[in-house]
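As given, the protein sequences belong to chains A and B, one line each in that order. The first sequence runs 485 to 816 under the working numbering. The second sequence runs 414 to 835 under the working numbering. See below for the structure under consideration.
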Amino acid sequence: MNLLSTPILSIAISIVICWALFAMLCSMIHESVTRVKAERGRFMKQYLLQQLHDYPNDINWAKLLYAHGSIDLLSRAVNKPTSNIPPELFASVMIDIVGQSQLVQRKKDAAAEAIRYQNPLLHDFKAATLVLQPSDVMVSLKQFMDNAELRATVNGTVDESKVYELLLANIAQWFTELTGRITEWYQKKTRMRLFMLGVLIALLINVDSIQLFNLFSKDDNSRGAILHFYQQNEEWLEKQAKSDTAQADMQSMMQQTQAYENKMDSLSQSLKLPVGMGYSIIKRSVRHAMSWNEIWTKLLGILISGFAASFGAPFWFNLLKRTNNNIPKRAK
Amino acid sequence: MQYYNVHSHVFTMDNAPKRFLHMYLPDAVANAIDTMTNTRPGALALAWLLSKLPGTAGKRYASFLKIGKSCGQLDVFEDLLKQYNDPDIKFVALSMFMEECGAGYSTSGFAGQIEELLQVKQQYPDRLLVFLGLDPRWDAKGKKLKDMVAGYFDTKLRINASRSVYPFVGLKLYPSTGFYIFDERLKETLEWAAENEVPVLSHCNYLGGIYNNDTRHLQSTLNFYDPYARKMYDQPVYQKESHFWKKIFGTNTANNNKISCSYFLEPASYKSMLHYFKYAFKKELKLCLAHYGGDRHILAAHGYPINERTLYGVEKKNWCSQIQELMQEFSNLYTDISYAVHNTKVHAPVFDDLKNNMFTNRLLFGTDFFMTEQEIPEKDDYNKFKSDALAQPCGSGTAWDQMAGHNVEQFLHSKYYPGRVV
Numbered sequence: 485m486n487l488l489s490t491p492i493l494s495i496a497i498s499i500v501i502c503w504a505l506f507a508m509l510c511s512m513i514h515e516s517v518t519r520v521k522a523e524r525g526r527f528m529k530q531y532l533l534q535q536l537h538d539y540p541n542d543i544n545w546a547k548l549l550y551a552h553g554s555i556d557l558l559s560r561a562v563n564k565p566t567s568n569i570p571p572e573l574f575a576s577v578m579i580d581i582v583g584q585s586q587l588v589q590r591k592k593d594a595a596a597e598a599i600r601y602q603n604p605l606l607h608d609f610k611a612a613t614l615v616l617q618p619s620d621v622m623v624s625l626k627q628f629m630d631n632a633e634l635r636a637t638v639n640g641t642v643d644e645s646k647v648y649e650l651l652l653a654n655i656a657q658w659f660t661e662l663t664g665r666i667t668e669w670y671q672k673k674t675r676m677r678l679f680m681l682g683v684l685i686a687l688l689i690n691v692d693s694i695q696l697f698n699l700f701s702k703d704d705n706s707r708g709a710i711l712h713f714y715q716q717n718e719e720w721l722e723k724q725a726k727s728d729t730a731q732a733d734m735q736s737m738m739q740q741t742q743a744y745e746n747k748m749d750s751l752s753q754s755l756k757l758p759v760g761m762g763y764s765i766i767k768r769s770v771r772h773a774m775s776w777n778e779i780w781t782k783l784l785g786i787l788i789s790g791f792a793a794s795f796g797a798p799f800w801f802n803l804l805k806r807t808n809n810n811i812p813k814r815a816k
Numbered sequence: 414m415q416y417y418n419v420h421s422h423v424f425t426m427d428n429a430p431k432r433f434l435h436m437y438l439p440d441a442v443a444n445a446i447d448t449m450t451n452t453r454p455g456a457l458a459l460a461w462l463l464s465k466l467p468g469t470a471g472k473r474y475a476s477f478l479k480i481g482k483s484c485g486q487l488d489v490f491e492d493l494l495k496q497y498n499d500p501d502i503k504f505v506a507l508s509m510f511m512e513e514c515g516a517g518y519s520t521s522g523f524a525g526q527i528e529e530l531l532q533v534k535q536q537y538p539d540r541l542l543v544f545l546g547l548d549p550r551w552d553a554k555g556k557k558l559k560d561m562v563a564g565y566f567d568t569k570l571r572i573n574a575s576r577s578v579y580p581f582v583g584l585k586l587y588p589s590t591g592f593y594i595f596d597e598r599l600k601e602t603l604e605w606a607a608e609n610e611v612p613v614l615s616h617c618n619y620l621g622g623i624y625n626n627d628t629r630h631l632q633s634t635l636n637f638y639d640p641y642a643r644k645m646y647d648q649p650v651y652q653k654e655s656h657f658w659k660k661i662f663g664t665n666t667a668n669n670n671k672i673s674c675s676y677f678l679e680p681a682s683y684k685s686m687l688h689y690f691k692y693a694f695k696k697e698l699k700l701c702l703a704h705y706g707g708d709r710h711i712l713a714a715h716g717y718p719i720n721e722r723t724l725y726g727v728e729k730k731n732w733c734s735q736i737q738e739l740m741q742e743f744s745n746l747y748t749d750i751s752y753a754v755h756n757t758k759v760h761a762p763v764f765d766d767l768k769n770n771m772f773t774n775r776l777l778f779g780t781d782f783f784m785t786e787q788e789i790p791e792k793d794d795y796n797k798f799k800s801d802a803l804a805q806p807c808g809s810g811t812a813w814d815q816m817a818g819h820n821v822e823q824f825l826h827s828k829y830y831p832g833r834v835v
């Protein structure tokens, strides 16, 4: 049995293809705006300011981290902090700022007898773990130091370079986990934004999911055309959806946008979708021809499109891929 | 000759309490503005709007906004440097302890503010002179506080392999955030300062500045014991006034707190402490009562007609005159003309006072950057005063040499700053 000949399945796949393309458009717009505003970097800074605020010692290590030359040089401008701090760099800067802080320098003599390190960096960092008040941050750093010392001790002798290497690795690993959480939080925030952006764009260019459903359920040709478009461009679309826009430079983003535009042009030639400014509900001529019932249905369709956009293009392309893999070759 | 600006700030919004804006506005409005000002255009738009409103509180916040929410102290200091055509002038940057003014904690923490400021000092060891913000409400008190402050001063800051410098040259006090200068917890630290000739600068501007927003704290601490005079004051009590519009906007309490906090700043409240150092401790404290009482009080003290509705304070007397009286009795008492200097009308009376032998060596030049940014750009403020002062002969030089050079150097001089950074 040819699954794609099953109307309900082919209608669903057609709709999903439209949602994927629409989500891709919303993601591109969203990414362009956040890039201009350096929002990812600001979000990350905000998160780090929150997590590295050491209340017992009355100091925010993140503030010093961002003021450190090595990190500051990565930022585009004062209000556009970098969103990409390599974990190893984070670790080495943390060791530096904590150990070199006047807070520690002022008190380090009190712990001098308990420290055996020749290397001043290690000496001061170890002093910090001993003289500063216990706080979430300091307890973590102390744990990393203890762990590094334990692993670098052979027959009672501590290898300083090994301690430093392990300490770096431990802090870098901690930062990787922190950034993992940041990505999670950022995605949550982005999802809400994409929903609102999706609703706005859908309203502007009439991406009405209910209307599209009606079109695909009634018109076999449209359904066929969009499935054909997907099969023709499957590889390109998946590649686009997978590409990490956060890492892409401005030029590749422009190229991506241009390619998207070309593909949409070719799709609109083969398929007459009721999408575009000409169909917008904002246009007086369109609005006048509608009853209240139709307006409510349209708004519902637009909200569904916004909701679809909030999932992001990769979600819909993955869904399509999974569906595609489950359809027997013969059926395809 | 070496010139100085004895009064500037480089702290940022990250060093100010998170609920700073809530001190002046209803919560809902403050939250909305806080969100709006997260972007530079939003911050600048609001700064412009606030600068157009009457009153000083809005202007103060506008100054913060103009400096920006996301920049660091290094950016602020470099912005300050750019505004001066003298490539050698040195700046005293006053750190501020604002964690206890009833508006929440800052993003950086006070120790964080100091660390960041010292990072700037590492880059500009010869241009930046740092005053350590001091507050009796720190965890350490009495001897512990003194030891802590001495530790801060004595731990040298490493500039490079061959050079280290003393990080701090003086102490900064801001009593209107909720304490009296005669607070017993400060006594030993001030004695240490007097012994070591460490200069202390205290905010003293009539009804101007940052104040404590915690009404309960104010009501419970206003009647306080003065260990120098060994007496408990029965005045002042928490000051209340009712303003119709302030009630409507929910800022009447803030207004009352501002008036009450003004009592912490009144020059008369310094008298018992200064008296103790001169006559009992036998070593005068080197103290600067900043702002000379404020521009309106300077003008009023010199016969300019100023319409002042109520005069708050125990003495109910012009603050500039009070400072002058104290200066006549205490030879180590200084004053600076920061903030007031933006009002060009005060230049002439200040130059008149400079001719009085009693004050010639103790009037200091400072601008109060960046608080003045909403009144006048720093560059214009500095240039205008400098040109006026250069035209005024004073001793063998000019008023500029006297106020921005000789007097400030004399005030700053101690083992921590013997005229050059060591």
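No residue lacks a Cβ here, since even glycine has one placed at the ideal position from N, Cα and C.
Boundaries (first-last residue) of the alpha helix (DSSP H) holding residue i
i, result
"T674 of chain A", "E644 to I689"
"H710 of chain B", "D708 to A714"
"R526 of chain A", "E523 to Q535"
"L616 of chain A", "L616 of chain A -> no alpha helix (DSSP H), and no H or E assigned at all."
"R590 of chain A", "Q586 to K591"
"M816 of chain B", "M816 of chain B -> no alpha helix (DSSP H), and no H or E assigned at all."
Pair within 8 Å by beta-carbon distance, residue i and residue j
i, j, result
"I694 of chain A", "L784 of chain A", "yes"
"A797 of chain A", "S498 of chain A", "no"
"L702 of chain B", "F690 of chain B", "no"
"I710 of chain A", "G760 of chain A", "no"
"T664 of chain B", "P439 of chain B", "yes"
"D801 of chain B", "H826 of chain B", "no"
"H514 of chain A", "T674 of chain A", "yes"
"I765 of chain A", "K782 of chain A", "yes"
"E529 of chain B", "S519 of chain B", "no"
Element boundaries [beta strand (DSSP E), containing residue i]
i, result
"D749 of chain B", "L746 to D749"
"S577 of chain B", "R576 to V578"
"H616 of chain B", "V613 to N618"
"F798 of chain B", "Where F798 of chain B is concerned, there is no enclosing beta strand (DSSP E), although the alpha helix (DSSP H) it sits in stretches over E791 to L803."
"L631 of chain B", "Note, L631 of chain B: premise wrong, no beta strand (DSSP E); alpha helix (DSSP H) at T628 to T634."
"Y692 of chain B", "Y692 of chain B -> no beta strand (DSSP E), and no H or E assigned at all."
"N418 of chain B", "Y417 to S421"
"I572 of chain B", "L570 to N573"
"F504 of chain B", "K503 to L507"
Selection from the options that minimises the alpha carbon distance to residue i
i, options, result
"N670 of chain B", "B:A456, B:L825, B:S800 and B:G591", "B:G591"
"Y601 of chain A", "A:Y648, A:S585, A:L625 and A:A797", "A:Y648"
"H715 of chain B", "B:L724, B:S800 and B:Y705", "B:Y705"
"R576 of chain B", "B:Y651, B:Q535, B:E601 and B:A607", "B:Q535"
"L651 of chain A", "A:F574, A:K723 and A:I513", "A:F574"
"Q526 of chain B", "A:E597, A:S619, A:L678 and A:L587", "A:L587"
"E513 of chain B", "B:F523, B:L507 and B:A506", "B:F523"
"N573 of chain B", "B:T664, B:Y537, B:V754 and B:Y683", "B:Y537"
"N756 of chain B", "B:Y795, B:L545, B:Y416 and B:N625", "B:Y795"
"Y563 of chain A", "A:M680, A:A522, A:P570 and A:S750", "Looking at the sequence itself, residue 563 of chain A is Asn, so the reference to Tyr does not match. Nearest of A:M680, A:A522, A:P570 and A:S750 to N563 of chain A, Cα basis: A:A522."
"K768 of chain B", "B:M740, B:W732 and B:Q805", "B:Q805"
"F433 of chain B", "B:H420, B:K569, B:E529 and B:D447", "B:D447"
"F679 of chain A", "A:L532, A:K805 and A:F795", "A:F795"
"P612 of chain B", "B:L459, B:T811, B:G810 and B:V419", "B:V419"
Residue(s) in a DSSP beta bridge with residue i
i, result
"N428 of chain B", "DSSP, once it has assigned bridges, lists no residue as partnering N428 of chain B."
"D546 of chain B", "Sequence check: residue 546 of chain B is Gly here, not Asp. B:K585, per the DSSP bridge assignment."
"T641 of chain A", "A:V638"
"F595 of chain B", "Answer is none; F595 of chain B lacks a bridge partner."
"P806 of chain B", "B:T811"
"N544 of chain A", "A:H537"
Residues in the segment 532 to 543 of chain A with C-beta within 8 Å of chain B's C-beta atoms, listed in sequence order?
L533, H537, D538, Y539, N541, D542 and I543
Beta carbons nearer than 8 Å to chain A: which residues of the segment 520 to 546 of chain B have them?
T520, S521, G522, F523, A524, G525, I527, E528, E529, L531 and Q532
Contact list for the segment 559 to 591 of chain B against chain A, Cβ threshold 9 Å
M561, G564, Y565, D567, T568, K569, L570, R571 and P580
Counting only Cβ-Cβ distances shorter than 7 Å, please list the residues of the segment 573 to 592 of chain A near chain B, keeping chain order.
S585, Q586, L587, Q589 and R590
Chain B contacts from the segment 542 to 558 of chain A (Cβ-Cβ distance under 7 Å)
D542, I543, N544, K547, L548 and A551
For the segment 418 to 445 of chain B, enumerate the residues whose C-beta is nearer than 7 Å to any C-beta of chain A, in chain order.
D427
Under 9 Å, CB to CB, which of the residues in the segment 620 to 644 of chain B have a partner in chain A?
none
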